[in-house]
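These notes are about the structure you will find just below.
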Amino acid sequence: MTNTEKKGCIEAVNLCKLFPQAGRKPLEVLKDCSLTVEPGKLNVLIGTSGCGKSTLANILAGYDCPSSGEIMMDGKPLNGPGSDRLMVFQETALWPWMTVMENVIFGPTVRGEMSKKEAREEATRILELVGLQDFRDKYPAQLSGGMQRRAELARALINNPKVMIMDEPFRGLDDLTRELMQEYYLKIFEESHCTTLFITTELEEAIFLADRILIMTFLPGQIKKVIDVDLPRPRDYRVLTSKRYLEIKGETLECLLEEGRKCFGDECNIANSMVDEFRRQANDVCDR
Amino acid sequence: MGKSDTIKENRGNETSIRRQPSVAVQLKRKLLNRTSLNGTVAILGFFVLWHLLVVMQAPFMKHIPTPVTVSKTFFILVQKKLFWVSLWFSTKRVFYGFVAAQVLGIPLGLAMGWSRKFKDLTFPVFEVLRPIPPLAWVPVSILYWPTNELSIAFITFIGAFFTIVLNVLRGVASIDKELYRSALSLGAKPQHIFWKIILPSSIPSIATGMMVGIGITWNVVIAAEMIAGDKGIGRLTWEGYLAGDTPTIIVGMITIGFAGWISSAAVKIISDKMMPWRRLF
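Line order of the protein sequences matches chains A and B.
All residue numbers in the first sequence are consecutive under my numbering, ending with 288.
All residue numbers in the second sequence are consecutive under my numbering, ending with 281.
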């Protein structure tokens, strides 16, 4: 799947998005929001809930139009959805009337890129990658939540997209399944290095997965800070106790909490003491 | 790794749970479960209560025959050709009307849900015709259709038609946006969207429309036969009334009840077959 020619660099410049509200002035969800989704990297977008992450994702995927601003992919302007930018949704969007196999081969067969037979072979390979080879003839309702997410991942991966946009794909899974999914996902990413914009609210998930973390401000949404995560790959859970991890966590948390205070009000002592706690932890590891 | 082991274990369990039992076992489970036993008790209880009320001469029950008299009449009737011919005619009329309603109604509903323009053009007319009760169509139907059979089948058609169209239309309208979006972003063209997304996602609504529709067609066919028909269970019941033969009336009523019930069960089987993804557990 590794394809050196495949790029998929998305640049968004000064995006604005207004939502009309009855009887009030429109809600400014995005304001002069500029970001770059760097090719071949796992870009994680993190922000407090309700800060406009999904709105941004929908705009980048082409489902929604910005009120103003420009989006370019590899230097060309984008309009409308396309199979070069695939989105994995918060809630599962597998078609319940198709088996896992039928769901996965849908993309390549409707575009006429592969014959049914070729698509089935490719799908078998990808289902093995996500660990669903024994479930290809089941209907989505017969799978557990984690399996559904993996099936959805397979349905996107078979199209070999330039960019994957994943909107909180592991939300609503229990902790253990979530950890398993993160490991699975990292393995797939580290093999394919497909440009990804991964959206989450979970700090640990963000740092564990990311090459770059883009932190979003609370309404109106902008990119507040970009943090490069230079933890070595391939990663596993040992990374979570490294000193560098805790440093990055402290830095990200501080930035996020500034935004959190905006929506909770200024008196947020608990938040402040949490940041201090993380700094102390980081120093402890330093000393050891 | 420990984690992948857990997954394999899960797999083993899930496949073993869903092994299909043999046909005999399935049938036994179906017939001898708590629900069907309770159902049998309820039906028997109904007949016992009816008998007691008549025997004790409860108010308003003076002209009602006992279940015993009714069953005697029933056994005489089932030996006559007339009974079976009547049942056959009613069933035929229900079947033709019902099938025609599905054949015309499902595509119409889909088209109305698919194209905004088509809906804007057709829905107003549809909404004006819909409240007209099927029986109000009887006179014009008799005048218009060349044969009696056609006019009664037309009236049953009217009964089921509006329900199915409305259900399909609502089914298409309520399709999950993300199911639609993900197909679009995977490069599906309009024909794929229609055949692979819109049509299958509206099957549950089609099934609901069919269930409601089959009930309405039985209601309508009996009434239409009483007004306009010769032959048919409705006619048989009506003639029982004209002859002052109460047991025949009640036999007619019960026959209609059972015929409707069997038809609904048949429609249920068909609609389950249309939705293999719905009967998984």
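Every residue gets a Cβ at the ideal spot worked out from N, C-alpha and C, and that includes glycine.
Quick caveat: nothing in here was measured; it's all calculated off a predicted structure.
Option nearest residue i by Cα separation, candidates the options
| i | options | result |
| --- | --- | --- |
| Ile214/B | Gln102/B, Phe89/B and Lys30/B | Gln102/B |
| Leu143/A | Trp95/A, Lys225/A, Gln281/A and Lys31/A | Trp95/A |
| Ala287/B | Gly47/A, Met87/A and Lys53/A | For residue 287/B there is no data in the structure shown, the boundaries of chain B being 1 and 281. |
| Ile206/B | Pro139/B, Ile106/B and Ile197/B | Ile106/B |
| Phe161/B | Val99/B, Thr35/B, Ile270/B and Leu53/B | Val99/B |
| Ile152/B | Arg116/B, Glu225/B, Val267/B and Lys189/B | Glu225/B |
| Phe170/A | Thr252/A, Leu186/A and Gly52/A | Leu186/A |
| Lys7/A | Lys25/A, Asp32/A, Cys16/A and Pro39/A | Pro39/A |
| Asp236/A | Leu78/A, Glu204/A, Lys224/A and Lys31/A | Glu204/A |
| Trp114/B | Gly234/B, Leu27/B, Phe194/B and Ile256/B | Phe194/B |
| Asn14/A | Ala210/A, Val229/A, Leu30/A and Asp276/A | Leu30/A |
| Ser83/A | Phe258/B, Met211/B and Lys189/B | Lys189/B |
CB contact below 8 Å: residue i versus chain A
| i | result |
| --- | --- |
| Arg170/B | no |
| Asp5/B | Here the model assigns Asp5/B a pLDDT of 41, short of 50, so the residue's position is not dependable, and the following value carries that caveat. Chain A, which has no Cβ nearer than 8 Å to the Cβ of Asp5/B, makes this no. |
| Gly187/B | yes |
| Ala110/B | Correcting the residue identity first, residue 110/B is Leu in this sequence and not Ala. Not one chain A Cβ lies under 8 Å of Leu110/B. |
| Pro200/B | yes |
| Ile197/B | yes |
| Glu282/B | Because chain B here runs from 1 to 281, residue 282/B falls outside it and cannot be looked at. |
| Trp277/B | yes |
| His192/B | yes |
| Ser205/B | no |
| Ser182/B | yes |
| Ile17/B | Below a pLDDT of 50, predicted positions are generally treated as unreliable, and Ile17/B, at 46, falls in that range; the measurement from the model is reported next regardless. Chain A, which has no Cβ nearer than 8 Å to the Cβ of Ile17/B, makes this no. |
| Glu178/B | yes |
| Ile270/B | no |
| Ile76/B | no |
| Asn13/B | Unreliable placement is indicated for Asn13/B, whose pLDDT of 43 sits below 50; the coordinate value is still reported in the next sentence. Asn13/B does not count as touching chain A. |
is_contact[residue i, chain B] using C-beta, thresh 8 Å
| i | result |
| --- | --- |
| Met114/A | no |
| Thr2/A | No answer about Thr2/A holds up, because its pLDDT of 42 lies below 50 and its placement is not dependable. |
| Glu290/A | What is shown of chain A runs 1 to 288, which leaves residue 290/A out entirely. |
| Pro96/A | yes |
| Asn160/A | no |
| Arg24/A | no |
| Ser83/A | yes |
| Glu118/A | no |
| Arg125/A | no |
| Leu157/A | no |
| Glu204/A | no |
| Tyr245/A | no |
| Ala61/A | yes |
| Leu86/A | yes |
| Glu11/A | no |
| Glu91/A | yes |
| Tyr185/A | no |
Beta bridge counterpart(s) of residue i as assigned by DSSP
| i | result |
| --- | --- |
| Ala12/A | Leu35/A and Ile71/A |
| Asn43/A | Leu197/A and Arg212/A |
| Met166/A | Val88/A and Phe198/A |
| Arg24/A | Gln21/A |
| Val226/A | Leu214/A |
| Gly221/A | Leu30/A |
| Lys76/A | Met73/A |
| Gly82/A | Arg85/A |
Within 8 Å, strictly: CB atoms of residue i and residue j
| i | j | result |
| --- | --- | --- |
| Ile188/A | Leu129/A | yes |
| Ser202/B | Gly171/B | yes |
| Leu35/A | Ala61/A | no |
| Ile126/A | Val104/A | yes |
| Ile46/A | Met216/A | yes |
| Val165/B | Phe118/B | no |
| Glu122/A | Ile165/A | no |
| Val226/A | Arg212/A | yes |
| Val110/A | Gly187/B | yes |
| Val94/B | Thr163/B | no |
heavy atom of the ligand ADP below 7 Å from residue i C-beta
| i | result |
| --- | --- |
| Arg278/B | For the ligand ADP, the structure offers nothing, since it holds no ligand at all. |
TODO: Counting only runs of 4+ residues fully inside the segment 63–140 of chain B, write out the alpha helix (DSSP H) ranges in chain order.
DONE: 67–78, 81–114 and 116–129
Open item on the list: To test your reading of the DSSP string, which unbroken alpha helix (DSSP H) runs of 4 or more residues are found completely within the segment 103–155 of chain A?
Closed with: 116–129
Open item on the list: Ignoring anything shorter than 3 residues, give me the beta strand (DSSP E) runs that lie fully in the segment 128–206 of chain B, in order along the chain.
Closed with: none
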